[in-house]
Amino acid sequence: MSRTRAIWLILAVVLAVLAVAWVTRRPSGLEVDVAEAGVAAELRAIATASGEIVATRYADLGSSVMGKVVALPVAEGDRVRAGQLLARIDPVQAEAQAAAARAQAAALEAEARATTEQLASGRASVTAAEARAREATLAADRAHELKRLDLLPQSEIDARVAAADAAAAELRAAQADVVRLEQAGTAAGQRAAQARAQLTGARDSLAKTEVVSPMDGTVTRLNVREGEMVVVGIQNQPGTTLMTVSDLASLNVEVRVAEADVLRVAGDQPARLTLEAVPNRVFDARVTEVGASALPQTGAAAAREFRVVLRVLDPDPGLRPGLTGDVEIVTAERRNVVAVPLQAVVVRDGADGVEQRGVFVLEGDVARFTPVTTGIIGGLDIEVNGIEAGTPVIIGPFQAVRELQDGARVRRREAR
4 MSRTRAIWLI LAVVLAVLAV AWVTRRPSGL EVDVAEAGVA AELRAIATAS
54 GEIVATRYAD LGSSVMGKVV ALPVAEGDRV RAGQLLARID PVQAEAQAAA
104 ARAQAAALEA EARATTEQLA SGRASVTAAE ARAREATLAA DRAHELKRLD
154 LLPQSEIDAR VAAADAAAAE LRAAQADVVR LEQAGTAAGQ RAAQARAQLT
204 GARDSLAKTE VVSPMDGTVT RLNVREGEMV VVGIQNQPGT TLMTVSDLAS
254 LNVEVRVAEA DVLRVAGDQP ARLTLEAVPN RVFDARVTEV GASALPQTGA
304 AAAREFRVVL RVLDPDPGLR PGLTGDVEIV TAERRNVVAV PLQAVVVRDG
354 ADGVEQRGVF VLEGDVARFT PVTTGIIGGL DIEVNGIEAG TPVIIGPFQA
404 VRELQDGARV RRREAR
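Note that the sequence shown covers residues 4 to 419 in the numbering used here.
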């Protein structure tokens, strides 16, 4: 064997020995990422949603009479008081109708009073006729008694009977007149009452030509200008909305919550509100209403959403309806609980074939599936029961955790 060939042979043997040594010293098993289960001082489950600021109390003011806007003493953004004049509609037609109704009511009231006076006079006539009829009847009765005793001539008897008949006829006529006057009085009273009702309606229409604020607040929307015509709503056709007055001292935020989150949302839950217009400020809010049915969908494939209303607890004076923002609703909260990264929790078939949740605990170089019960999800962590704080659990890589089986050999991946 030549010297050169011997050197190459020795070199090959050395390389083979080094290769075997490297293979035998290399850790075996799947590389995994490991983290220790920790104690979360505060774990919060959050539901996020977007929406806009609305006033808690507001009123869209329309017109109850048709006509032209002849006065508009307010501008959008003005603060107003309850009862303050906000707009005046041309009152000429309403004033004319009120004047006509007033004259008609006065005439019919006078007619009713005259009928009442006539009725009183007619009733007095009946009373007098009744007295005369009684006297005439008594006189006729006495005449018949005297005739029986032959103390009175027949002519006198006939005269007294005729007088009694005349008095009775007069009484009947007076009573009939009273009945007629009573009927006339009833009709006159009804016409007068109808005229008074029409006058009340005319006065109401005249009063409604002045639109006043129903509350203290701010004019947040002004839809008309002086000189424009306004109309009254009829059936399915809405009338003109003149303006909106809102109480900005109390504000809500209305948001649309996804159906996946809405069952976790309930009244009185706290929330944080951030607004695009105020990027460096967080406002406290609290849930006051949760929609009982889904909002109308905007498209066939649109996700279902539910209306949720929150009260802004610390509104800034500069906030106004229409500002958009996001809310984070705290749907659940836990303190001092064991938590692990969300990706550590997997589902495997149990001994009875029923799926169960668990984590893979690192025991030396072996992964042990350990069943756990889960609680709330807060951010990237999830509450677990079944392991203690400090337990090393396998959290990645994602594909490795999904395919990992109980008892598999693993090795901790070194940080790079």
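Note that CB positions come from ideal geometry on N, CA and C, so glycine has one too.
- Counting along the chain, the unbroken alpha helix (DSSP H) around A191 starts and ends at 157 to 210.
- Collapsing the DSSP output to three states places T243 in coil.
- L202 has its alpha-carbon roughly 35 Å from the corresponding atom of D250.
- Pairing L64 with V72, the inter-Cα distance amounts to about 14 Å.
- Counting other Cβ atoms within 10 Å of its Cβ, T189 stays below 16 and is therefore classed as exposed.
- The count of Cβ pairs closer than 8 Å, one atom from the stretch 241 to 261 and one from the stretch 43 to 54, reaches three, so the stretches are in contact.
- P344 places its beta carbon 8 Å or farther from that of D319.
- By the Cβ rule, the stretch 36 to 43 does not count as touching the stretch 218 to 234, because fewer than three pairs are nearer than 8 Å.
- The count of Cβ pairs closer than 8 Å, one atom from the stretch 409 to 417 and one from the stretch 377 to 392, stays below three, leaving the stretches out of contact.
- By alpha-carbon distance to R47, the top candidate from R338, L89, T377, P400 is R338.
- If only complete runs of 3 or more residues are kept, the stretch 292 to 336 shows the beta strand (DSSP E) at 308 to 315, in order along the chain.
- When the alpha-carbon of Q359 is set against those of V95, A58, F372, I379, the nearest one is in F372.
- With contacts defined by Cβ atoms closer than 8 Å, V293 and V265 form a contacting pair.
- Proximity of the stretch 226 to 234 to the stretch 268 to 284 falls short of the contact definition, fewer than three beta-carbon pairs being nearer than 8 Å.
- Secondary structure within the stretch 72 to 116: the beta strand (DSSP E) runs of 3 or more consecutive residues, fully enclosed, are 88 to 92 (chain order).
- Linking A166 to A146 through their CA atoms gives a straight-line distance of about 12 Å.
- When the beta-carbon positions are compared, R91 and T277 stay at least 8 Å from each other.
- In the displayed model, S66 falls within coil according to three-state DSSP, outside both helix and strand.
- Residue pairing by DSSP puts V343 in a beta bridge opposite I385.
- Check the Cα spacing between G353 and each of V340, P374, D368, E366: the tightest is with P374.
- Under the 10 Å beta carbon count, E262 is surrounded by fewer than 16 other beta carbons and is classified as exposed.
- Per DSSP, V404 is one residue of the alpha helix (DSSP H) stretching across 401 to 406.
- In this structure, DSSP gives D287 an extended state, which the three-state scheme calls strand.
- Assignment of G220 by DSSP, reduced to helix, strand and coil, places it in the strand class.
- DSSP places E148 in the helix class (H, G or I) of the three-state scheme.
- Of the candidates D368, R224, A106, T291, R224 places its Cα closest to the Cα of L245.
- Taking one beta carbon from each stretch, the stretch 304 to 317 and the stretch 233 to 242 have fewer than 3 pairs nearer than 8 Å; the two do not touch.
- For A43, there is no enclosing alpha helix (DSSP H); the residue is found in the beta strand (DSSP E) stretching over 41 to 43.
- The DSSP-derived three-state label of A131 is helix.
- The beta carbons of I398 and A342 sit about 12 Å from each other, so the pair does not count as a contact at 8 Å.
- Residues of the same chain with a CB within less than 7 Å of the CB of P94, apart from the 5 flanking positions on each side, are L209, T212 in chain order.
- For V265, the secondary structure class from DSSP, reduced to helix, strand or coil, is helix.
- For V268 against V290, the beta-carbon gap comes to about 6 Å, under 8 Å, which counts as contact.
- In terms of CA proximity to T334, A288 leads the group A288, P156, A62, R323.
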